[in-house]
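Participant: Structure below; questions to follow.
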Amino acid sequence: MEEYDLLVKLLVIGDSGVGKSSLLLRYAEGTFSEHHLATIGVDFKLRTDTVLNKRVKIQVWDTAGQERFKSIAIGYYRGAHGIAIVYDVTNEQSFNNVKNWLEQITDHASEHAQLILVGNKCDLDRERCVDRARGEELANSLKIPFVETSAKNSVNVEAAFSKVVTKVVEDN
Ligand code: GTP
207 MEEYDLLVKL LVIGDSGVGK SSLLLRYAEG TFSEHHLATI GVDFKLRTDT
257 VLNKRVKIQV WDTAGQERFK SIAIGYYRGA HGIAIVYDVT NEQSFNNVKN
307 WLEQITDHAS EHAQLILVGN KCDLDRERCV DRARGEELAN SLKIPFVETS
357 AKNSVNVEAA FSKVVTKVVE DN
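The following block contains the structure:
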């Protein structure tokens, strides 16, 4: 039997197509796929790490961004120790919708959940429409950390998740 000191449950939310599954795949398996296979309901991946001298089992729940699956995901908010709210830096609407995802958090998550705002697809320079400063400003106003990532080029993915995991381990 695998032994660990702490089980950390993370949830990844955001509009359909922003790259939630891709971030998970990069984080848990170190791979990337160009194909968009929309998540149906929820899915999860596991990873184990040593954080602050503790053996941590990290369970990352990947939710479907599509509206019709929202109600399924809601059941997973309550138990989440950490939540990554993801938008796509080439998709203005996905950035504007961050406020709607925050409402879901307020309504359904624990008030102790550690949040992070993630602007994904930062490799797509020419198509970018949400600049870094706007993401930073939003995160500052919410008093949560912010990071821009590329699941494709493996930029900051590790940093994004480990920020949240470390905070959770510190709290527990
Ligand atoms: P739902 O399951 O519908 O909620 O979507 P999702 O947020 O899980 O998106 P997914 O990971 O399936 O990615 C959508 C598309 O964006 C796929 O074609 C990915 O290959 C692409 N993609 C994801 N991350 C990146 C990235 O960092 N850079 C680039 N260029 N493309 C990305």
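Numbering (the numbering used here), first residue to last: 207 to 378. All C-beta atoms in this analysis are idealised placements derived from N, C-alpha and C, irrespective of residue type, glycine included.
Is the beta carbon of V353 sitting closer than 8 Å to the one on I311?
Facilitator: Contact flag unset, no.
Participant: Less than 8 Å between the CB atoms is what I'm expecting for W267 and L217, so what's the real figure, rounded?
Facilitator: Correct: roughly 5 Å between the Cβ atoms.
Participant: For A345, count the other beta carbons within 10 Å of its own beta carbon; 16 or more makes it buried, fewer makes it exposed. Which is it?
Facilitator: A345 comes out buried.
Participant: Flag this pair as touching only if the stretch 236–256 and the stretch 291–302 have three or more C-beta atom pairs under 8 Å; answer yes or no.
Facilitator: These segments do not touch.
Participant: Just to confirm the assignment, what range does the beta strand (DSSP E) spanning V374 have?
Facilitator: It is not in any beta strand (DSSP E) - V374 instead sits in the alpha helix (DSSP H) that spans 363–377.
Participant: Opposite K170 in the DSSP bridges: which residues?
Facilitator: Given a span of 207 to 378 for the chain in the structure shown, any question on residue 170 remains unanswerable.
Participant: Strictly by DSSP, which residues pair up with G325?
Facilitator: BP columns for G325 point to Y293, E354.
Participant: Thinking K263 and T256 are a contact (beta carbons under 8 Å), I'd like their distance in whole angstroms, please.
Facilitator: Going by Cβ atoms, the distance from K263 to T256 rounds to 11 Å, so no, they are not a contact pair.
Participant: Start and end of the beta strand (DSSP E) containing L212?
Facilitator: It spans 212–219 - the beta strand (DSSP E) in which L212 sits, taken as one unbroken run.
Participant: Alpha carbon to alpha carbon, how far is S227 from F238? Give it in angstroms, no decimals.
Facilitator: Looking at the two C-alpha atoms, the distance is approximately 9 Å.
Participant: Answer yes or no: do A290 and V324 have a C-beta to C-beta separation smaller than 8 Å?
Facilitator: Taking 8 Å as the Cβ cut-off, A290 and V324 qualify as a contacting pair.
Participant: When the Cα atoms are used, what is the spatial distance from S356 to E240?
Facilitator: Straight-line Cα distance between these residues: approximately 13 Å.
Participant: Whose CA, out of G220, E209, K215, Y210, lies closest to the CA of E309?
Facilitator: The residue with the shortest Cα to Cα distance from E309 is G220.
Participant: Using a Cβ-Cβ cutoff of less than 6 Å, which residues in the same chain neighbour V374 once the five nearest sequence positions on both sides are dropped?
Facilitator: Closer than 6 Å at Cβ, skipping near neighbours: V214, H287, G288, Q320.
Participant: If you reduce the DSSP assignment to three classes, tell me which class R261 lands in.
Facilitator: Strand at R261.
Participant: Please report how far the alpha carbon of C335 lies from the alpha carbon of N326, in whole angstroms.
Facilitator: Cα to Cα, C335 sits roughly 12 Å from N326.
Participant: For V336, report the span of its alpha helix (DSSP H) as first-last.
Facilitator: Note, V336: premise wrong, no alpha helix (DSSP H); not H, not E.
Participant: Which first and last residues belong to the alpha helix (DSSP H) in which V312 is found?
Facilitator: Note on identity: in this sequence residue 312 is Thr, with Val being the wrong assignment. Run containing T312: 304–314, per the alpha helix (DSSP H) assignment.
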